[in-house]
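One structure is given here, and the rest of the page talks about it.
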Amino acid sequence: MSGPREADPESESLLLKRDGSSYTEEATAGGGGASGDLTEMDYVDADVSVLSQFHEDALAQAGFGLFQYFLFLVLGLGLAADSIEVFVIAYVLPSAERELCMDDSRKGWLAATSFLGMMIGGLVWGNLGDKLGRRRTLVSALTTNAIFAVATAFMPTYGLLLLTRLGSGIGVGGSLPIVFTYYGEFLVKRHRGRHLSWLLTFWGIGGLFTALMAWLMITQPEAEGLGTRLSSWRVFLVVCSAPALLTVFGLFFLPESPRYLLECGQDVEAMYVYQKVFRINHKQSDEYPLSEMELPARRSSTPGPGPVGCLSDALEAFETFWGSFMQILWPPYTGMTMILIIVWTTTAFGFYGMSIWFPEYVRHLEIEKDQDRGNVTANVHIVNQKFGGLLEDVRFERVIFTNSTFEDALLSRCIFEECTFEKSAFRRVRSSKTFFLKSTFKKVDFESTDLYAFRFIDCVFLNSSFRKTVEDGCGLDLDLTTDLSDVFTENLIAQSAIIPGSIVSSFILDKFGRVKTMVTSLFLTSASAFFIWFLDTGRL
44 MSGPREADPE
54 SESLLLKRDG
64 SSYTEEATAG
74 GGGASGDLTE
84 MDYVDADVSV
94 LSQFHEDALA
104 QAGFGLFQYF
114 LFLVLGLGLA
124 ADSIEVFVIA
134 YVLPSAEREL
144 CMDDSRKGWL
154 AATSFLGMMI
164 GGLVWGNLGD
174 KLGRRRTLVS
184 ALTTNAIFAV
194 ATAFMPTYGL
204 LLLTRLGSGI
214 GVGGSLPIVF
224 TYYGEFLVKR
234 HRGRHLSWLL
244 TFWGIGGLFT
254 ALMAWLMITQ
264 PEAEGLGTRL
274 SSWRVFLVVC
284 SAPALLTVFG
294 LFFLPESPRY
304 LLECGQDVEA
314 MYVYQKVFRI
324 NHKQSDEYPL
334 SEMELPARRS
344 STPGPGPVGC
354 LSDALEAFET
364 FWGSFMQILW
374 PPYTGMTMIL
384 IIVWTTTAFG
394 FYGMSIWFPE
404 YVRHLEIEKD
414 QDRGNVTANV
424 HIVNQKFGGL
434 LEDVRFERVI
444 FTNSTFEDAL
454 LSRCIFEECT
464 FEKSAFRRVR
474 SSKTFFLKST
484 FKKVDFESTD
494 LYAFRFIDCV
504 FLNSSFRKTV
514 EDGCGLDLDL
524 TTDLSDVFTE
534 NLIAQSAIIP
544 GSIVSSFILD
554 KFGRVKTMVT
564 SLFLTSASAF
574 FIWFLDTGRL
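Here the sequence shown stands for residues 44 to 583, numbered as in the numbering used here.
Have a look at this one:
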């Protein structure tokens with residue numbers, strides 16, 4: 044950024060700790076003055092504290108501007124890819140359940156597999172982020188996610204779909220922890236909380252994108268042509284992989300985190316990154332005020348034996364991860380860690396559970412509404428009538444069909460109760476949620492239909508025949524004609540609410556603090572969730 048910059052008290056306090064032209068270990072041991080402002084950076088290792096001080100000062104000198112805006116956009120797309128991974132299954136299930144023959148149990152496992160993959164990915168990629176670097180790990184994680192997400196769209200069986208969703212979840216599991224870490228390491232402490240909250244708006248944008256694409260592409264499950272073309276829900280999965288691919292592309296134009304480079308002893312490379320940030324943010328010909336001569340002096344240490352192979356690298360990585368993991372479980376962090384685990388687990392349980400359950404609930408409400416306003420035909424005699432096309436939400440009671448034909452028809456949510464069929468025919472008929480109750484069939488011919496035995500309850504057949512019964516390989520009675528536009532519209536509105544919520548939180552976070560902001564948010568969530576108690580879920 045050009046022009047005079049606002050004075051940064053934190054930067055000034057760091058500059059006061061410099062001894063001549065370099066940062067020293069002794070500078071971190073002071074007791075008074077500005078040292079109280081740096082309690083968040085008091086690490087056990089004095090070298091780490093010195094590096095933190097230098098990093099904060101170097102970022103303050105580099106300024107905030109175009110570089111951070113571009114970084115914000117790229118990493119925001121990566122965070123959107125994470126939210127898409129969470130929401131995408133809820134929109135796919137109504138369309139994919141028939142093609143892949145998924146009952147409620149299988150649908151539950153499909154959703155759970157994605158979360159299992161994200162859990163594994165969070166552990167694996169988070170550890171690799173400290174070993175390989177933030178940028179490199181994020182590229183690898185999102186590339187893995189994109190590859191498996193695209194592959195999911197072409198999986199012909201449920202088992203393969205489950206496998207690719209697991210791989211996709213593992214890939215995107217690294218985006219959430221690494222995105223915030225990577226972005227935070229290009230921000231000074233004074234602005235970190237606010238800008239990280241702004242970054243969270245992309246979570247809502249990802250959900251909004253998913254709902255919008257679903258509304259445009261898969262509002263109607265395919266009832267015909269299954270297996271003969273690429274279904275709309277499969278195209279939808281390919282489109283939803285776009286944010287991950289765009290993030291990978293954008294990361295090629297970004298440098299590694301300078302904080303990570305300092306930790307690895309790559310001081311010169313870190314200084315180059317600071318200078319690059321400065322050049323992008325300052326269009327004038329100003330020179331970066333810090334140089335390699337001002338890099339922190341490190342304590343000498345005796346290096347251990349080098350790695351001898353991939354197994355040693357893996358063991359070292361596991362030991363590093365285990366050490367870091369156990370560190371947060373031992374005093375003085377035990378209490379805080381347990382509280383955060385409980386809060387995060389319960390919040391995630393409610394949020395992710397609702398994101399999967401709510402679309403299904405709204406879908407059932409739409410079905411019930413269609414059934415309530417359906418047509419009822421009773422006590423009539425229908426002669427020489429031909430039924431074709433879509434016959435939906437119709438109830439026939441004590442109706443006599445004579446010389447009538449159901450041909451090239453789709454019977455959806457139709458009930459025939461105490462009806463009589465005489466010298467009639469069903470040809471090339473598909474059915475969904477359709478039943479014949481206490482009906483009589485006299486000289487009726489069934490040809491090329493999927494009217495299986497379970498659709499006939501207490502029925503009588505006299506001189507009737509079934510020929511070329513359609514075998515679709517799935518014994519489930521799934522809904523084929525539900526219009527999902529209302530479901531997706533309501534979810535579109537719900538996802539839109541996340542964006543203003545994140546913006547409001549970013550402005551009040553620095554004023555009220557993290558704890559008060561989080562408590563207020565959870566209170567509002569709990570108050571709204573209380574009204575779920577009054578929903579009628581008995582028929583679901």
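Cβ atoms here follow ideal geometry from the backbone N, Cα and C, with glycine treated the same way.
Subject >> Sheet register partners of residue 445 (DSSP bridge) >> reply: In the sequence shown, the residue the question calls residue 445 occupies position 402. Looking at the DSSP assignment, residue 445 forms a beta bridge with 426 and 465.
Subject >> Proximity winner among 442, 405 and 477, relative to residue 422 (alpha-carbon distances) >> reply: Residue 422 sits at position 379 when you count from the first residue of the sequence shown. Answer by Cα proximity: 442.
Original post:
Within the chosen definition, does the region 558-570 reach the region 180-188 through at least 3 CB pairs nearer than 8 Å?
Top reply: no
Original post:
Skipping 5 residues on each side, what residues in its chain have a beta carbon closer than 6 Å to that of residue 131?
Top reply: If you number the sequence shown from 1, residue 131 lands on position 88. Excluding sequence neighbours, residue 131 sits near 253 and 283.
Original post:
Among the residues of its own chain, which have a CB less than 7 Å from the CB of residue 281, if the five just before and after it don't count?
Top reply: Sequence index remark: in the sequence shown, residue 281 carries index 238 (1-based). Here the set comprises 193 and 196.
Original post:
Any idea if residue 476 is buried or exposed, counting beta-carbon neighbours within 10 angstroms, 16 or more meaning buried?
Top reply: If you number the sequence shown from 1, residue 476 lands on position 433. The residue is buried, with at least 16 neighbouring Cβ atoms inside 10 Å.
Original post:
Between the C-alpha atoms of residue 552 and residue 143, what's the straight-line distance to the nearest angstrom?
Top reply: Looking up residue 552 in the sequence shown gives position 509. Looking up residue 143 in the sequence shown gives position 100. C-alpha separation (whole angstroms): 46 Å.
**OP:** Can you tell me which of 186, 337, 388 and 532 puts its alpha carbon nearest to the alpha carbon of residue 289?
**Re:** The count along the sequence shown starts at 1 and reaches residue 289 at position 246. Checked all of 186, 337, 388 and 532; the closest Cα to residue 289 is 186.
**OP:** Check the DSSP bridge columns for residue 584 and list the partner residues they point to.
**Re:** No statement about residue 584 is possible, as the shown extent of the chain runs from 44 to 583 and does not include it.
**OP:** With residue 546 as the anchor, note down where its alpha helix (DSSP H) starts and where it stops.
**Re:** Here residue 546 refers to the residue found at position 503 when the sequence shown is read from its first residue. 541-555 is the span of the alpha helix (DSSP H), which, as asked, contains residue 546.
Subject >> Per-residue DSSP class, three states only, for residue 377 >> reply: As a position in the sequence shown, residue 377 is number 334, starting the count at 1. DSSP places residue 377 in helix when its eight states are reduced to three.
Subject >> Beta-carbon contacts of residue 11 that lie in its chain and below 7 Å, excluding the five residues immediately before and after >> reply: Only positions 44 to 583 of the chain appear in the structure, and residue 11 is not among them; the question remains open.
Original post:
Does the separation of the CB atoms of residue 241 and residue 261 fall below 8 Å?
Top reply: Residue mapping note: residue 241 aligns to position 198 of the sequence shown, counting from 1. Residue mapping note: residue 261 aligns to position 218 of the sequence shown, counting from 1. For residue 241 and residue 261, no; Cβs fall outside 8 Å.
**OP:** Give the straight-line distance between the Cα atoms of residue 150 and residue 162, rounded to the nearest whole angstrom.
**Re:** For the purposes of this step, residue 150 is taken as residue 107 along the sequence shown, with counting starting at 1. For the purposes of this step, residue 162 is taken as residue 119 along the sequence shown, with counting starting at 1. Cα to Cα, the separation comes out at about 19 Å.
Subject >> Cutoff 8 Å; reference residue 433; Cβ partners in own chain excluding five residues on either side >> reply: Counting from 1 along the sequence shown, the entry for residue 433 is found at position 390. Same-chain partners within the cutoff: 452, 453, 455 and 524.
Subject >> Sequence ranges, alpha helix (DSSP H) only - wholly within the region 107-162, length at least 4 >> reply: 109-142
Subject >> residue 452 in three-state terms, based on DSSP >> reply: Residue numbering aside, residue 452 sits at position 409 when the sequence shown is read from its first letter. Reduced to three states, the DSSP call for residue 452 is strand.
Original post:
Pairing CB atoms from the region 201-215 with CB atoms from the region 306-314, are three or more of them under 8 Å?
Top reply: no
**OP:** Tell me residue 480's beta-bridge partners as DSSP assigns them.
**Re:** Counting from 1 along the sequence shown, the entry for residue 480 is found at position 437. In the DSSP output, where bridge partners are listed per residue, residue 480 has 460 and 500.
**OP:** Name the residue from 554, 139 and 407 whose alpha carbon lies nearest to the alpha carbon of residue 198.
**Re:** Within the sequence shown, the letter at position 155 stands for residue 198. It is 139 whose Cα lies nearest to the Cα of residue 198.
Original post:
Going by the beta-carbon positions, is the gap between residue 134 and residue 531 smaller than 8 Å?
Top reply: Counting from 1 along the sequence shown, the entry for residue 134 is found at position 91. Counting from 1 along the sequence shown, the entry for residue 531 is found at position 488. In contact: residue 134 and residue 531 (Cβ atoms closer than 8 Å).
**OP:** Going by CA-CA distance only, name the one from 564, 545, 496 and 569 that's closest to residue 245.
**Re:** The sequence position of residue 245 within the sequence shown is 202, counting from 1. Nearest C-alpha to residue 245: 545.
**OP:** Pick helix, strand or coil for residue 523, following the three-state DSSP scheme.
**Re:** For this step, residue 523 is matched to residue 480 along the sequence shown. If DSSP states are grouped into helix, strand and coil, residue 523 belongs with coil.
Original post:
What first and last residue would you give for the beta strand (DSSP E) that runs through residue 492?
Top reply: As a working mapping, residue 492 is identified with position 449 in the sequence shown. Element bounds for residue 492: 488-492.
Original post:
Which same chain residues, not among the five before or five after residue 304, have their C-beta less than 7 Å away from its C-beta?
Top reply: To locate residue 304, count along the sequence shown from 1; it is residue 261. So the qualifying residues of the chain are 312, 313 and 316.
Subject >> N-terminal and C-terminal residue of the alpha helix (DSSP H) that residue 279 is part of >> reply: By one-based count along the sequence shown, residue 279 stands at place 236. From DSSP, the alpha helix (DSSP H) with residue 279 extends over 275-282.
Original post:
What is the DSSP secondary structure of residue 508, counted as helix, strand or coil?
Top reply: Here the question's residue 508 lines up with position 465 in the sequence shown. Reduced to three states, the DSSP call for residue 508 is strand.
**OP:** Output yes or no for whether 8 Å exceeds the beta carbon distance between residue 120 and residue 293.
**Re:** As a first step, residue 120 must be located in the sequence shown, where it is residue number 77. As a first step, residue 293 must be located in the sequence shown, where it is residue number 250. Against a cut-off of 8 Å, the Cβ pair of residue 293 and residue 120 comes out as a contact.
Original post:
CA-CA distance, residue 541 and residue 533?
Top reply: Residue mapping note: residue 541 aligns to position 498 of the sequence shown, counting from 1. Residue mapping note: residue 533 aligns to position 490 of the sequence shown, counting from 1. Roughly 14 Å separates the two Cα atoms.
Original post:
In chain order, what residues of the same chain have a beta carbon less than 8 Å from the beta carbon of residue 3, not counting five sequence neighbours either side?
Top reply: With the chain covering 44 to 583 only, the question about residue 3 has no answer from this structure.
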